[in-house]
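Colleague: Number 40 in my numbering belongs to position 39 of the sequence shown; there are no gaps in the numbering.
Cβ atoms here follow ideal geometry from the backbone N, Cα and C, with glycine treated the same way.
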Amino acid sequence: MRRSGWRGKGGEISSNRRDEQEMFVLCLRILQSALVYVNTLMLQDVLDEPEWTDLPTPADRAA
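#1: Got a sec, what are the start and stop residues for the alpha helix (DSSP H) Asp55 sits in?
#2: Given a threshold of 16 other Cβ atoms within 10 Å of its Cβ, counted over all protein chains shown, does Gln45 qualify as buried or as exposed?
#3: With a cut-off of 9 Å, does the C-beta of Leu32 fall near any C-beta of chain C?
#4: Taking 8 Å as the limit between beta carbons, can you name the residues of its chain near Gln22, skipping five residues before and five after?
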């Protein structure tokens, strides 16, 4: 029978099967990468608006 959730108390992986643990960690990495990408796109959209054009300094743009 398949469990509906993989996380136990304290954020630990509740499964003791190595293949399930590896899949869980890989899924978390993909989710984290997707969230970083979405945040980057949202930030780029905000910074493209005219009121933000003059706020960043040359040092900010170089970072």
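Modeller: In short:
#1: Taking the sequence shown and counting its residues from 1, the one referred to as residue 55 is at position 54. Run containing Asp55: none; DSSP gives neither H nor E here.
#2: Position 44 of the sequence shown, counted from the start, is the residue given in the question as residue 45. Exposed, since its Cβ has fewer than 16 Cβ neighbours within 10 Å.
#3: Within the model displayed, chain C is absent; a lone protein chain is all it includes.
#4: Counting from 1 along the sequence shown, the entry for residue 22 is found at position 21. Within the same chain, Gln22 has close Cβ partners Ile14, Ser16.
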